[in-house]
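> Below you will find the structure I want to go over with you.
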Amino acid sequence: MEIATPPAVASDDPRSVARAMAPPSRFGDKAFQWLTLAMAMAVVVLIILTGWQLWLGSSLAIQKFGFHFLTTSTWDPVAEQFGALPFIYGTLVSSLIALLIAVPLSIATAVYLTELAPLLIRQPLVSLIEMLAAIPSVILGLWGIFVMVPWLRDYPFPLLKRLFGWTPFFSGPIYGTSMLAGGIIIAIMILPIITSVSREILRSVPDLQREAAYALGATRWEVTRIAVLSYARKGLFGAVILGLGRALGETMAVTMVIGNTPQIAASLFKPGYTLASVIANEFTEATTDIYLEALFEIGLVLFGVTILVNLIAQLLLKTMTTTTSTTRAVQ
Amino acid sequence: MKSLKISRKILAIVLLTGVSATASAQMMINGAGATFPYPIYSKWFDQYAKVDPSVRFNYQSIGSGGGQKQILAQTVDFGASDGPMSDDNLAKAPGKLLHIPTVAGADVVAYNLSGNPALKFDADTIAGIFLGQIKKWNDPKITALNPGVTLPDQEIVVVHRSDGSGTTYIWTDYLSKISPEWKRKVGTNTSVNWPTGIGGKGNEGVAGQIKQSPGALGYVELVYAVQNKMPYAEVKNSSGKFVRPSLESITAALATADIPDDFRFSITNATGPDAYPISGATWLLVYAQQKDATKGRKLVEFLKWAAKDGEKMAKDLQYAPLPENLQQRVLNRIDEIKM
């Protein structure tokens, strides 16, 4: 209410006089509210339309293959038999590998940058991380084939095989291009986004939190753990989800290093395939209708997987917050 | 005041560009499709601007699938494809569609072995390797073809294209012709269900994979192998002769292949003694009845120029030109286009 009352102070500025004389109107407020609502709804509408369009585009394939599309593993454009299971598997596994690598690295980096790093190092490091985010996916992919994959094949992979070769995950021949290489390149790509967002979140932790912990005699590690990380947990989880969203849809760089073989193999040294990669690979040359529709359905599946994974993440977040509040209550 | 000045400037720019656009009223001919012939097509369009400055070309190399779709939907004036259109797709056309072959290329068997020995392959070995039946470099089938070369007891890492491509079409077309088992199990297409191997995206992906993995073997376009100085093999053709892939041996394949009247041909496994067996052509797709008479006339003029003068530029860009007998047949076909 107070905001709407015009200032009583007279002024020589003709514009402010005009404003002072105008009757108090809340039209602006209303319009702004509607405008922002429309913008927010546009996002919802966009998601629904995307889903709808993908559904329409794949109706033939959905009719022909039905639920089997999700549970079969054959991808044969010649015989026109299409099953998405190896691609779903590849997308989930490569993203999981990426998260396992990128999350600890990113959060540790963010903690260092906000809590520990001297100013002299902080700024250059932040810019470097942001530069990493600016590298185009295809460039990373080429670097992946020519530099990363040969190096992985010659040094880290044989080491992994020697140490963990007895598990099914690190057995079999090493080609270099593999599910693991795909996961690693995605990890590099989502590292900057998780780090940047985590850093912002850690920065927004009020200093009072830290001071209170120090006042209780906590060490630096304890302050970081109890006052900062615990406080920011929810936000950090959100940062990870953002990274995961990017990981699921990452295309070009992964396509270059994952080996593009639709198979489900326990060994991470074996080549794999992702949903996004098969679309990028085959869309341009798909000439028959059912083939094209199957690729559309892959898009629909990717859309569904992304939404599902996000929903699960939201649920996890919810249970996480409720359990902590109950433990707090108990304490 | 400042904003007024800026808007004046904008107005001036708009007027100027408008004037210049009307001053050079050019006809725009749109095309879309195959990526393989893109370098030579863009050279043609560039050179043709000197021949007839009133026409400009806009070619989108979106892939053969896209080219076929767009010409069927009549959103472009001509399409381009690395494989002939299927009967099913051709039946969808609103009018008669002509296939105009332009240039040809070849797939070569490229490999990475220490010492880069010169190797020879025949149909059986290539099919065996890609079916996953020949697994080692020192397999008797390979050593028998390459006396004097010591081949290692090493696993063959098979590399193929992961993206749909005309290169894969030529490769699988060849394998389907020479191996009944391949035809039954896999077949011919721009992408297939590979029995074995690793997929690399694009020629650069396959080449990268081969160069980086010792013991690798795969197929890339001849141009790509030449430019990247990759070793590639001689292949035994159907008359029993080992032929090195080259522009001459591709043209020889074109000259001896059996070419039907609708030009929907395949020149893989051609019979000529000098023919390289894993070759393939690329086509432009044009309607026999042009809707827009002036545009149609300009398009026909261009096609004729391309078939005569354009062909001479092919070799510089590592494409095989059409042999003379075929060139004449193509010119006759272009004459059939009606306005």
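Chains as they are written, first to last, in the working numbering: chain A, 1 to 331; chain B, 1001 to 1339.
A virtual CB, placed ideally from N, CA and C, is assigned to each residue, including glycine.
Restricting to Cα atoms, I'd like to know which of A:246, A:276, A:311, A:308 is closest to residue 297 of chain A.
Here the question's residue 297 of chain A lines up with position 297 in the first sequence. Nearest of A:246, A:276, A:311, A:308 to residue 297 of chain A, Cα basis: A:276.
> Note the first and the last residue of the continuous alpha helix (DSSP H) segment covering residue 1124 of chain B.
Here the question's residue 1124 of chain B lines up with position 124 in the second sequence. Counting along the chain, the alpha helix (DSSP H) containing residue 1124 of chain B begins and ends at 1123 to 1130.
> With residue 1283 of chain B as the anchor, note down where its beta strand (DSSP E) starts and where it stops.
As a first step, residue 1283 of chain B must be located in the second sequence, where it is residue number 283. Run containing residue 1283 of chain B: 1279 to 1287, per the beta strand (DSSP E) assignment.
> Looking at the secondary structure, which residues open and close the alpha helix (DSSP H) in which residue 284 of chain A lies?
Residue mapping note: residue 284 of chain A aligns to position 284 of the first sequence, counting from 1. No alpha helix (DSSP H) holds residue 284 of chain A; DSSP gives it neither H nor E.
> Using the Cβ count rule (16 or more neighbours within 10 Å means buried), how would you classify residue 151 of chain A?
Taking the first sequence and counting its residues from 1, the one referred to as residue 151 of chain A is at position 151. It counts as exposed.
> Going by beta carbon distance, what residues of the same chain come within less than 8 Å of residue 1021 of chain B, once the five residues before and after it are set aside?
Counted from its first residue, the second sequence places residue 1021 of chain B at position 21. For residue 1021 of chain B, the predicted model reports a pLDDT of 43, less than 50, meaning its position is unreliable; a value from the coordinates is still stated below. Closer than 8 Å at the Cβ level, and outside the excluded window around residue 1021 of chain B, lies no residue.
> With a cut-off of 8 Å on the beta carbons, I'd call residue 1030 of chain B and residue 1076 of chain B a contact; round off their distance for me.
Along the second sequence, one-based indexing puts residue 1030 of chain B at 30. Along the second sequence, one-based indexing puts residue 1076 of chain B at 76. Yes, they are in contact, since the Cβ atoms of residue 1030 of chain B and residue 1076 of chain B sit about 5 Å apart, within 8 Å.
> Taking beta-carbon pairs under 8 Å, can you tell me which members of the segment 1132 to 1164 of chain B lie near chain A?
So the close ones are 1155, 1157, 1162, 1163, 1164.
> Examine the Cβ distances between the segment 1301 to 1314 of chain B and the segment 1044 to 1054 of chain B and report whether three or more of them are shorter than 8 Å.
Yes: at least three Cβ pairs fall under 8 Å.
> Which value, in whole angstroms, describes the spacing of the CA atoms of residue 1116 of chain B and residue 1060 of chain B?
Residue mapping note: residue 1116 of chain B aligns to position 116 of the second sequence, counting from 1. Residue mapping note: residue 1060 of chain B aligns to position 60 of the second sequence, counting from 1. The alpha-carbon atoms of residue 1116 of chain B and residue 1060 of chain B are separated by roughly 38 Å.
> Would you say residue 1114 of chain B faces chain A, with C-beta separation under 8 Å as the test?
To locate residue 1114 of chain B, count along the second sequence from 1; it is residue 114. Output row for residue 1114 of chain B: interface = no.
> Write down the C-beta distance between residue 1108 of chain B and residue 1245 of chain B rounded to the nearest angstrom, noting that I regard them as a contact closer than 8 Å.
Locating residue 1108 of chain B in the second sequence gives position 108, counting from the first residue. Locating residue 1245 of chain B in the second sequence gives position 245, counting from the first residue. Indeed, because the Cβ distance is near 5 Å, the residues count as touching under 8 Å.
> Within 8 Å, do at least three Cβ pairs link the segment 1225 to 1237 of chain B to the segment 1275 to 1291 of chain B?
Enough Cβ pairs lie closer than 8 Å, so yes.
> Using a Cβ cut-off of 8 Å (strictly closer), state whether residue 1192 of chain B contacts chain A.
Indexing the second sequence from 1 puts residue 1192 of chain B at position 192. Judged by the 8 Å Cβ criterion, residue 1192 of chain B is in contact with chain A.
> Going by beta-carbon coordinates alone, are residue 987 of chain B and residue 1286 of chain B separated by less than 8 Å?
For chain B, the structure presents residues 1001 to 1339; residue 987 of chain B sits outside this window and is missing.
> Assuming residue 139 of chain A and residue 192 of chain A make a contact with CB atoms under 8 Å, what is their CB distance in whole Å?
As a position in the first sequence, residue 139 of chain A is number 139, starting the count at 1. As a position in the first sequence, residue 192 of chain A is number 192, starting the count at 1. Contact flag wrong, Cβ pair sits at about 14 Å.
> At 7 Å on the CB atoms, spell out the chain B contacts of residue 256 of chain A, in chain order.
In the first sequence, the residue the question calls residue 256 of chain A occupies position 256. Near residue 256 of chain A (Cβ distances below 7 Å), the residues of chain B are 1201, 1205.
> Return the residues of the segment 1052 to 1067 of chain B that lie within a Cβ-Cβ distance of less than 8 Å from chain A, sorted by chain order.
The segment 1052 to 1067 of chain B vs chain A, Cβ under 8 Å: 1062, 1063, 1064, 1065, 1066.
> Compare the beta carbon distance of residue 90 of chain A and residue 257 of chain A with 8 Å and say whether it is the shorter of the two.
Here residue 90 of chain A refers to the residue found at position 90 when the first sequence is read from its first residue. Here residue 257 of chain A refers to the residue found at position 257 when the first sequence is read from its first residue. No.
> Run through chain B and tell me which residues come within less than 7 Å of residue 282 of chain A, C-beta to C-beta.
In the first sequence, residue 282 of chain A corresponds to position 282, counting from 1. What residue 282 of chain A touches in chain B: 1163, 1164, 1191.
> Pairing CB atoms from the segment 297 to 314 of chain A with CB atoms from the segment 237 to 254 of chain A, are three or more of them under 8 Å?
The segment 297 to 314 of chain A vs the segment 237 to 254 of chain A: in contact.
> Could you check which residue in B:1201, B:1284, B:1068 has the C-alpha nearest to that of residue 1040 of chain B?
Here the question's residue 1040 of chain B lines up with position 40 in the second sequence. The candidate whose alpha carbon is nearest that of residue 1040 of chain B is B:1284.
> Going by C-alpha distance, which of A:29, A:284, A:302, A:74 is nearest residue 1066 of chain B?
By one-based count along the second sequence, residue 1066 of chain B stands at place 66. Nearest option by C-alpha distance: A:284.
> Please report whether the beta-carbon of residue 1220 of chain B lies at a distance below 8 Å from any beta-carbon of chain A.
Sequence index remark: in the second sequence, residue 1220 of chain B carries index 220 (1-based). So, not an interface residue.
> How long is the line joining the alpha carbons of residue 1219 of chain B and residue 1169 of chain B, rounded to whole angstroms?
Stepping through the second sequence from its first residue, residue 1219 of chain B is reached at position 219. Stepping through the second sequence from its first residue, residue 1169 of chain B is reached at position 169. Rounded to the nearest angstrom, the two C-alpha atoms are 12 Å apart.
> Helix, strand or coil for residue 1101 of chain B? Go by DSSP, reduced to three states.
Along the second sequence, one-based indexing puts residue 1101 of chain B at 101. Three-state result, residue 1101 of chain B: strand.
> Are there any heavy atoms of the ligand MG lying less than 7 Å away from the beta-carbon of residue 1251 of chain B, as far as the coordinates show?
The ligand MG is not among the ligands present in this structure, which contains no ligands whatsoever.
> Leaving out five residues before and five after residue 1135 of chain B in sequence, what residues of the same chain have Cβ atoms less than 8 Å from its Cβ?
Position 135 of the second sequence holds residue 1135 of chain B. Closer than 8 Å at the Cβ level, and outside the excluded window around residue 1135 of chain B, lie 1155, 1156.
> Are the Cβ atoms of residue 227 of chain A and residue 201 of chain A separated by less than 8 Å?
Start at 1 with the first residue of the first sequence, and residue 227 of chain A comes out as number 227. Start at 1 with the first residue of the first sequence, and residue 201 of chain A comes out as number 201. Not closer than 8 Å, so no.
> Mind checking if residue 1212 of chain B is an interface residue toward chain A, Cβ cutoff 8 Å exclusive?
As a first step, residue 1212 of chain B is located in the second sequence; it is residue number 212 there, counting from the start. Yes, residue 1212 of chain B counts as interfacial toward chain A.
> Smallest Cα separation from residue 1338 of chain B: which of B:1292, B:1272, B:1267, B:1056?
To locate residue 1338 of chain B, count along the second sequence from 1; it is residue 338. The residue with the shortest Cα to Cα distance from residue 1338 of chain B is B:1292.
> With 9 Å as the C-beta to C-beta threshold (strictly closer), list the residues of the segment 1085 to 1097 of chain B near chain C in chain order.
Chain labels in this structure do not include chain C; the protein chains are A and B.
> Can you grab the Cα-Cα spacing for the pair residue 262 of chain A / residue 1198 of chain B, in whole Å?
Along the first sequence, read from residue 1 onward, the residue named residue 262 of chain A stands at position 262. Along the second sequence, read from residue 1 onward, the residue named residue 1198 of chain B stands at position 198. Straight-line Cα distance between these residues: approximately 10 Å.
> Can you pull the chain A neighbours of residue 1198 of chain B, defined as C-beta to C-beta under 8 Å?
The count along the second sequence starts at 1 and reaches residue 1198 of chain B at position 198. Residues of chain A passing the Cβ test: 175, 177, 259, 260, 261, 271.
> Measure the Cβ-Cβ separation of residue 274 of chain A and residue 94 of chain A and say whether it is below 8 Å.
The residue you call residue 274 of chain A lines up with position 274 of the first sequence. The residue you call residue 94 of chain A lines up with position 94 of the first sequence. Result yes, Cβ atoms of residue 274 of chain A and residue 94 of chain A sit closer than 8 Å.
> Among the residues of its own chain, which have a CB less than 7 Å from the CB of residue 1132 of chain B, if the five just before and after it don't count?
Here residue 1132 of chain B corresponds to residue number 132 of the second sequence, with the count starting at 1. Closer than 7 Å at Cβ, skipping near neighbours: 1195, 1196.
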